[in-house]
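**Student:** Could you have a look at this structure, given as structure tokens, before my questions?
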Amino acid sequence: MADAESFATLTPLHTSAMLRVAVALVGAADAEDATQEAIVRAWQAWADLRDVESLRPWLLRITVNVCRQWHRGGFGTRRRMTARLPDEGSEFLALLDDDPGDRVAALDLRRAINQLNDDMRLAVVLRYYGGMDASEIGATLGVQPATIRTRLRRALLVLRQYLRDSGEMPALHRSEEVG
Amino acid sequence: MFDDAECEQMPLEAREIHQRLVSDSSHWARGLPADTRIAEFARTLPQHMPVPSAQQTRNVLAHRRPSSTPPDMMSVKGQPNMLKFEGPRRTIAASIAAVAVVALIVGVLYIMRPHSGAHYFTIPSKVVVSTPTPLPQGDYSATPGPLAKYVSKLYTTSDPPSDGRSVNVTSHFVVGDKVYVSPIVHGLPKGAHTISIRWYLNGVSIVLPTSTQTSMTIDGDKRIVFGLQYPSPGTGMAKIYIDRPTSDTSESPTNPYLAGTVIFVVEMLQPTQQPGNPTPTPFLPTATPQQ
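Each protein sequence line maps, in turn, to chains Y and B.
Okay, so the first sequence: first residue is 6 according to the working numbering, each after it adds one.
Okay, so the second sequence: first residue is 2 according to the working numbering, each after it adds one.
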């Protein structure tokens, strides 16, 4: 299969995952541009892809790298790895249930995620919102999957503590009482 | 994407957060934009963008330097191309270049450094520099050297001495005048001795034609006359040596062969003062020995 034909056939199978990761990392406004940039880079580097079986993590790695560069300032300063998840006035929240309680809970959760440090935040966003498992995240970030799982566990505990301190996690209190 | 096994591996206190994240992300994912345009973009990209070269590929994903020599940096024989610097070779070359640049700068600064003397230019090998002492007004006496006891009447005159006629002793001349130095040498040990003179203008030794007589051999007490026409204004100076070897180049006032030094001034010709003075002749110095 020629390079052009294989690229045109295989890459569209993963553009959905690439776009989802991009939305999670840079937000909906820039996600499409970032994904297109990642696709262009993938095509330019297509000759380096040795194993078609590893195409998905390879494309996601390029996407994450593009999104990380997306957040770097023009003067070399480095911003947070991930864009703040949409928490207010977002079109995505409009698709949530009409229950006001769920809406408020979602806002609280996303505020808590944005309080995490970069490593934990990136792991949580890629795992839950980017749709990547620990192995894919590890391959993308160049760390062991076990390390990603550890970060995820710690991140969940930090989120729990944050929500408890802000008095917005009554459900957890009930769970603990049950446990 | 999320299975029960994963949830069961979570610590108990983290499970509810996990469930909330799963629930929230599923809601969030419902609003993801469609990827139809992105997929179409990926399908048609190869038609619009030419097949990238290997070099372009490396530029795109070159987050790290290659651990081995890339194929296009190999010669046709499979050996690394020595003309291209990569990795440690580039580091070594850069270090050598940096040292060379620093050495070059230091060398230039060394050459350009201020000299202890007053001269920043190269003086011809035949020209010897000597610093004249200021000329005292009305003082015609010479500065004695180590051999001063063998010389008397060391001064400059505007005409050569002759028997029965007084000489005009002066230290002020005008351009074109002939300056005479006529010391009397006496008391030297028996045997032949060479009396020599060296002329200076503004502290720089004047290189005279080889035909010009600047030395005289005597074997007893004698008066020797040297004369030189100065074509340029400035501070003149004449040094008298006794038996000075040709290898001696010392300009020190304590030179053991130095009998004395006489200093004078050569000024510009003033037409109003000397209306009949002829045009200065070309610089053809002459030395007139006289016994």
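A virtual CB, placed ideally from N, CA and C, is assigned to each residue, including glycine.
Since the structure is predicted, the reported quantities are computational estimates derived from the model, not experimental observations.
1. Which residues in the same chain have their Cβ closer than 8 Å to the Cβ of residue 100 of chain Y, if we skip the five residues on either side of it in sequence?
2. Counting along the chain, where does the beta strand (DSSP E) carrying residue 199 of chain B start and finish?
3. Tell me which same chain residues have a C-beta within less than 7 Å of the C-beta of residue 168 of chain B, skipping the five on either side of it?
4. Spatial neighbours of residue 124 of chain Y within its chain, please: CB distance less than 7 Å, with the 5 preceding and 5 following residues excluded, ordered by chain position.
5. Taking all protein chains shown into account, do 16 or more other C-beta atoms lie within 10 angstroms of the C-beta of residue 14 of chain Y, making it buried, or fewer, making it exposed?
6. Taking a Cβ distance cut-off of 7 Å, strictly less, list which residues of the stretch 150-166 of chain Y are near chain B, in chain order.
7. According to DSSP, is residue 98 of chain Y part of a helix, a strand, or is it coil?
8. To the nearest angstrom, how far is the alpha carbon of residue 25 of chain Y from that of residue 25 of chain B?
9. State the CB to CB distance for the pair residue 109 of chain B and residue 181 of chain B, rounded to an integer number of angstroms; the pair is presumed to be in contact (CB under 8 Å).
10. Output, in chain order, the set of chain B residues within a Cβ distance shorter than 8 Å of residue 24 of chain Y.
11. Starting from the C-beta of residue 142 of chain Y, find all residues in its chain whose C-beta is less than 7 Å away, skip the five residues before and the five after it, and write them out in chain order.
12. So which residues of chain B does residue 145 of chain Y contact, with C-beta pairs closer than 8 Å?
13. Taking C-beta pairs closer than 8 Å, name the residues in chain B that residue 41 of chain Y reaches, listed in chain order.
14. Under 8 Å by Cβ, that's how I've got residue 146 of chain B and residue 260 of chain B pegged, so tell me the actual separation to the nearest angstrom.
15. Would you kindly report the start and end of the unbroken beta strand (DSSP E) that includes residue 152 of chain Y?
16. Is there contact here, the stretch 204-215 of chain B with the stretch 180-194 of chain B, by at least three beta-carbon pairs under 8 Å?
17. Is the CB of residue 101 of chain B under 8 Å away from at least one CB in chain Y?
18. Just curious, the alpha helix (DSSP H) that residue 238 of chain B is in, first and last residue?
19. If we count the other Cβ atoms within 10 Å of its Cβ and call it buried at 16 or more, is residue 78 of chain B buried or exposed?
20. Going by C-alpha distance, which of Y:117, Y:37, Y:115 and Y:70 is nearest residue 147 of chain Y?
21. What's the C-alpha gap between residue 268 of chain B and residue 232 of chain B?
22. Could you tell me the distance, in whole angstroms, from the CA atom of residue 152 of chain B to the CA atom of residue 217 of chain B?
23. For a test of the three-state rule: what should DSSP assign to residue 231 of chain B, helix, strand or coil?
24. CB residue 46 of chain B to CB residue 67 of chain Y, shorter than 8 Å?
25. In three-state terms, what does DSSP make of residue 50 of chain Y?
**Tutor:** Taking the definition as stated:
1. For residue 100 of chain Y, the pLDDT reaches just 40, beneath the cut-off of 50, and the residue's location in the model is therefore unreliable, although a value from the coordinates is still provided. Cβ neighbours of residue 100 of chain Y beyond the five flanking positions: none.
2. Per DSSP, residue 199 of chain B belongs to the beta strand (DSSP E) from 194-202.
3. Correct list, in chain order: 158, 160 and 162.
4. So the list reads 156, once near-sequence residues are dropped.
5. By the 10 Å Cβ count, residue 14 of chain Y comes out exposed.
6. Taking 7 Å as the cut-off between beta carbons, the residues of the stretch 150-166 of chain Y near chain B are 158, 161, 162, 164 and 165, in sequence order.
7. Unreliable positioning characterises residue 98 of chain Y in this predicted model, as indicated by a pLDDT of 39, which lies under 50. The coordinate reading is nonetheless provided below. Residue state, collapsed to three classes: helix.
8. If I take the Cα positions, the gap works out to 14 Å.
9. Contact flag wrong, Cβ pair sits at about 48 Å.
10. What residue 24 of chain Y touches in chain B: 33, 34, 36 and 39.
11. For residue 142 of chain Y, the CB contacts under 7 Å within the same chain, skipping 5 residues up- and downstream, are 128, 131, 132 and 153 in chain order.
12. Per Cβ cutoff of 8 Å: no residues; residue 145 of chain Y is ~13 Å from chain B at best.
13. Going along chain B in sequence order, the residues near residue 41 of chain Y (Cβ under 8 Å) are 39 and 42.
14. The Cβ separation is near 5 Å, so the contact holds.
15. Here residue 152 of chain Y belongs to no beta strand (DSSP E); instead the alpha helix (DSSP H) covers 150-170.
16. With a cut-off of 8 Å, the stretch 180-194 of chain B and the stretch 204-215 of chain B do not count as touching, because too few Cβ pairs lie within range.
17. No, its Cβ sits nowhere closer than 8 Å to a Cβ of chain Y.
18. It is not in any alpha helix (DSSP H) - residue 238 of chain B instead sits in the beta strand (DSSP E) that spans 235-243.
19. Per-residue confidence for residue 78 of chain B stands at a pLDDT of 39, beneath the threshold of 50, marking its modelled position as unreliable; the derived number appears in the next sentence. Burial call: exposed.
20. It is Y:70.
21. Using only the alpha carbons, I get a separation of about 10 Å.
22. Rounded to the nearest angstrom, the gap between the Cα atoms of residue 152 of chain B and residue 217 of chain B is 14 Å.
23. Coil.
24. Going by beta carbons, residue 46 of chain B and residue 67 of chain Y fall outside the 8 Å limit.
25. The DSSP-derived three-state label of residue 50 of chain Y is coil.
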